[in-house]
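Asker: Letter 114 of the sequence shown, counting from 1, is numbered 151 in the working numbering, and no numbers are missing.
Yeah, the Cβ is synthetic: ideal placement off N, Cα and C, and Gly gets one too.
First the structure, which I've put down as structure tokens, then a few questions once you've had a look.
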Amino acid sequence: MDPLISRRALNRATLDRQLLLRRAALPVVDVVERLGGLQAQTPHTWYTGLWNRIEGFEPASASALLESRALVRVALQRSTIHLVSARDCLAMRPLLQVVTERMTRTTFGRRLAGVDLDELAATGRALLSARPMTFAELGRALAERWPGNDPHALGQGVRWLVPLAQVPPRGLWGRSGPVAHAPADTWLGSPEVPAMTAAELVRRYLAAFGPATVKDAQTWSGLTRLAEVVEGLDLVRFRDEDGRTYHDLPDAPRPGEDVPAPVRLMYDFDNLFLSHADRTRVITERGRAALGAFTGTNVVPRLLLVDGFAAGDWTVARARGVSTLTLHRWEPIARLDEAEAEARRLLEFLAPGDAHRVAVLDGPSISAA
């Protein structure tokens with residue numbers, strides 16, 4: 038029988054691999070690759086994800102890497118925008134292309150009826166290679182060739198058929214710009230990078246998020262039918278209290294469940310919360326009930342980790358040169374002084390020129406708005 042692994046042991050293993058037990062003194066690109074990328078559809082909140090994980094992180098360093106194209110924001114896992122290295126973009130996208138195809142066909146397939154997809158891809162690539170465009174601009178340009186079709190659907194068709202990078206200044210620290218796109222291979226200079234296999238992707242996933250179930254890996258990637266891939270790998274297995282089977286790399290770190298976990302203030306789309314089918318390794322029953330307050334609100338909370346589990350969320354407001362970070366605790370926090378100290382450090386990162394204030398309120402932030 039496979040050895041038993043507890044919920045806290047899963048928690049500590051995942052936090053360790055996500056560099057959340059201690060900050061790492063590693064280059065930004067190395068950290069982004071180790072994490073399997075950071076979900077980054079917002080232009081700036083993912084900088085906090087790197088601040089949580091890199092000792093002495095300077096946002097200008099990541100911003101410069103976006104400008105130099107060593108990092109890129111592109112649709113990958115789950116067909117969502119991720120910050121990845123240039124080489125991971127080119128290696129992962131061919132394998133994950135099917136995820137974007139599936140989602141685009143489901144949503145826009147009927148509105149692309151009668152459009153030659155090869156011609157759409159070639160036309161879209163030519164337009165975006167000439168200059169980066171927003172989807173609205175691209176749709177209008179494509180509608181000149183296909184006047185009977187929905188311009189938005191035409192633009193999304195190109196997003197499916199041609200891997201597209203979101204280009205700076207969008208995403209640069211302290212700056213912004215239109216959500217403009219260019220063909221990823223053109224933007225990155227088309228270096229020769231072999232396409233990643235499903236087995237390689239699963240191993241990368243386990244290194245960043247394991248131990249994990251097959252469903253967990255499928256949730257993170259958006260791929261299906263990974264059971265046969267997992268069975269072909271040299272992995273160790275565990276079972277939890279409910280009998281579910283977890284797979285892991287044989288030599289991956291699995292710290293003891295009593296290893297201390299520091300307070301962390303996570304950003305809104307952190308993959309720690311999005312990369313497992315079962316989120317109980319970081320979300321307790323009480324936490325799940327508190328998250329219910331955000332259902333249907335279009336608000337994605339920024340979660341507060343205490344002892345490795347979500348114990349609240351946090352918000353920041355700025356007025357008259359004062360930035361206030363409010364900790365919204367969902368339950369009593371035994372280490373409130375540690376949480377307040379971490380909140381002040383985060384304010385120094387987010388708003389170095391402001392005066393800083395930390396407040397504490399009870400209950401989820403959505404009910405306090």
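Starting from S43, follow the alpha helix (DSSP H) in both directions and report where the run begins and ends.
Answerer: Indexing the sequence shown from 1 puts residue 43 at position 6. S43 -> no alpha helix (DSSP H), and no H or E assigned at all.
Asker: Ignoring anything shorter than 4 residues, give me the alpha helix (DSSP H) runs that lie fully in the region 181-219, in order along the chain.
Answerer: 188-198
Asker: Candidates E70, L157 and P215: which alpha carbon is nearest G192's?
Answerer: If you number the sequence shown from 1, residue 192 lands on position 155. Comparing Cα-Cα distances from G192 to each of E70, L157 and P215, the minimum goes to L157.
Asker: May I ask you to verify whether the region 168-175 touches the region 208-226, counting CB pairs closer than 8 Å and requiring at least 3?
Answerer: yes
Asker: My assumption, with CB atoms under 8 Å, is that N186 sits in contact with A180. Please give the rounded CB distance.
Answerer: Here residue 186 refers to the residue found at position 149 of the sequence shown. Here residue 180 refers to the residue found at position 143 of the sequence shown. Going by Cβ atoms, the distance from N186 to A180 rounds to 7 Å, so yes, they are a contact pair.
Asker: Are three or more beta carbon pairs between the region 335-343 and the region 106-116 nearer than 8 Å?
Answerer: Not touching, per the Cβ criterion.
Asker: Per DSSP, which one or two residues make a beta bridge with R301?
Answerer: By one-based count along the sequence shown, residue 301 stands at place 264. Bridge partners of R301: L342.
Asker: Contact defined as beta carbons within less than 8 Å: I believe L309 pairs with V296. What is the distance between those atoms, to the nearest angstrom?
Answerer: Taking the first residue of the sequence shown as 1, we reach residue 309 at position 272. Taking the first residue of the sequence shown as 1, we reach residue 296 at position 259. The Cβ separation is near 17 Å, so there is no contact.
Asker: Starting from A77 and walking both ways along the beta strand (DSSP E), at which residues does that stretch end?
Answerer: As a working note, residue 77 is residue 40 in the sequence shown. Taken as a continuous stretch (DSSP letters only), A77 belongs to no beta strand (DSSP E), as it is neither H nor E.
Asker: Using the DSSP secondary-structure output, state which residues sit across from R177 in a beta bridge.
Answerer: The count along the sequence shown starts at 1 and reaches residue 177 at position 140. Looking at the DSSP assignment, R177 forms no beta bridge with any residue, so it has no partner.
Asker: Report, in whole angstroms, the separation of the C-beta atoms of S100 and L209, which I expect to be a contact under 8 Å.
Answerer: Indexing the sequence shown from 1 puts residue 100 at position 63. Indexing the sequence shown from 1 puts residue 209 at position 172. Indeed they touch by this definition, with Cβ atoms about 5 Å apart.
Asker: Taking C-alpha atoms, which residue in A264, A330 and L286 lies nearest to V273?
Answerer: To locate residue 273, count along the sequence shown from 1; it is residue 236. Closest option to V273, judged by alpha-carbon separation, among A264, A330 and L286: L286.
Asker: Checking 8 Å against the spacing of the C-beta atoms, do L68 and A61 come in under that value?
Answerer: To locate residue 68, count along the sequence shown from 1; it is residue 31. To locate residue 61, count along the sequence shown from 1; it is residue 24. Strictly speaking, residue 68 in this sequence is Val, with Leu absent from that position. Yes, the Cβ-Cβ distance between V68 and A61 is below 8 Å.
Asker: From E229 to S122, what does the alpha carbon distance come to, in whole angstroms?
Answerer: The residue you call residue 229 lines up with position 192 of the sequence shown. The residue you call residue 122 lines up with position 85 of the sequence shown. Cα-Cα distance, rounded: 14 Å.
Asker: Whose C-alpha, out of E294, A392, W183 and E278, is nearest the C-alpha of D39?
Answerer: Translated into the one-based positions of the sequence shown, residue 39 becomes position 2. That would be E278, whose Cα lies nearest to the Cα of D39.
Asker: Nearest to L201 by CA position, among P231, M233, E92 and L165, is which residue?
Answerer: The count along the sequence shown starts at 1 and reaches residue 201 at position 164. The shortest C-alpha separation from L201 is found at L165.
Asker: CB-CB under 7 Å to T317, same chain, minus the five flanking residues each way: which ones, in chain order?
Answerer: By 1-based counting over the sequence shown, the position of residue 317 is 280. If you ignore the 5 residues before and after T317, its C-beta comes within less than 7 Å of the C-beta of R44, all in its own chain and listed in chain order.
Asker: When you compare the region 374-385 with the region 393-404, are there three or more beta-carbon pairs, one atom per stretch, that lie closer than 8 Å?
Answerer: yes
Asker: Is the beta carbon of G349 closer than 8 Å to that of R49?
Answerer: Residue 49 sits at position 12 when you count from the first residue of the sequence shown. Residue 349 sits at position 312 when you count from the first residue of the sequence shown. Contact flag unset, no.
Asker: Spell out the partners DSSP gives H365 in its beta bridges.
Answerer: For the purposes of this step, residue 365 is identified with residue 328 of the sequence shown, where counting begins at 1. Bridge partners of H365: D350 and L398.
Asker: According to DSSP, simplified to helix, strand and coil, what is A406?
Answerer: Taking the sequence shown and counting its residues from 1, one reaches residue 406 at position 369. For A406, the predicted model reports a pLDDT of 48, less than 50, meaning its position is unreliable; a value from the coordinates is still stated below. In the displayed model, A406 falls within coil according to three-state DSSP, outside both helix and strand.
Asker: Per DSSP, R147 forms a beta bridge with which residues?
Answerer: The count along the sequence shown starts at 1 and reaches residue 147 at position 110. Its beta-bridge partners do not exist; DSSP assigns none.
Asker: Contact defined as beta carbons within less than 8 Å: I believe A232 pairs with L132. What is the distance between those atoms, to the nearest angstrom?
Answerer: Here residue 232 refers to the residue found at position 195 of the sequence shown. Here residue 132 refers to the residue found at position 95 of the sequence shown. Indeed, because the Cβ distance is near 6 Å, the residues count as touching under 8 Å.
Asker: Measure the alpha-carbon distance for A406 versus V152 and round it to whole angstroms.
Answerer: The count along the sequence shown starts at 1 and reaches residue 406 at position 369. The count along the sequence shown starts at 1 and reaches residue 152 at position 115. Annotation note: pLDDT 48 at A406 (below 50); position unreliable, no value reported.
Asker: What residue range is occupied by the uninterrupted beta strand (DSSP E) comprising F246?
Answerer: For this step, residue 246 is matched to residue 209 along the sequence shown. Run containing F246: none in the beta strand (DSSP E); it sits in the alpha helix (DSSP H), A235 to F246.
Asker: For R139, which of A347, D305 and L260 has the nearest alpha-carbon?
Answerer: Indexing the sequence shown from 1 puts residue 139 at position 102. Among A347, D305 and L260, the Cα nearest to that of R139 is on L260.
Asker: For the beta strand (DSSP E) containing A326, list its first residue and its last residue.
Answerer: Counting from 1 along the sequence shown, the entry for residue 326 is found at position 289. That residue, A326, is in no beta strand (DSSP E); its alpha helix (DSSP H) goes E322 to L328.
Asker: With DSSP as the reference, label G312 as helix, strand or coil.
Answerer: On the sequence shown, residue 312 is found 275 positions in, with the first residue counted as 1. The sequence given here has Ser at residue 312, not Gly. Correct three-state label for S312: coil.
Asker: Using the C-alpha atoms, what's the distance from R115 back to T85?
Answerer: Here the question's residue 85 lines up with position 48 in the sequence shown. Here the question's residue 115 lines up with position 78 in the sequence shown. Approximately 21 Å between the Cα atoms of the pair.
Asker: Extract the residue ranges of the alpha helix (DSSP H) inside the region 70-117, only unbroken runs of 4 or more that lie entirely within it.
Answerer: 83-88 and 96-105
Asker: Thinking C-alpha only, which one of H313, W197, L225 and Q203 is nearest A254?
Answerer: Reading the sequence shown from its first residue, position 217 is the one you call residue 254. Considering only alpha carbons, the answer is H313.
Asker: Could you tell me the boundaries of the alpha helix (DSSP H) in which T317 lies?
Answerer: Here residue 317 corresponds to residue number 280 of the sequence shown, with the count starting at 1. Counting along the chain, T317 falls outside any alpha helix (DSSP H), and DSSP gives it neither H nor E.
Asker: Who are the Cβ neighbours of P188 in its own chain at under 7 Å, not counting the five residues just before and after it?
Answerer: Sequence index remark: in the sequence shown, residue 188 carries index 151 (1-based). G176, R177, L179 and A180, listed in sequence order.
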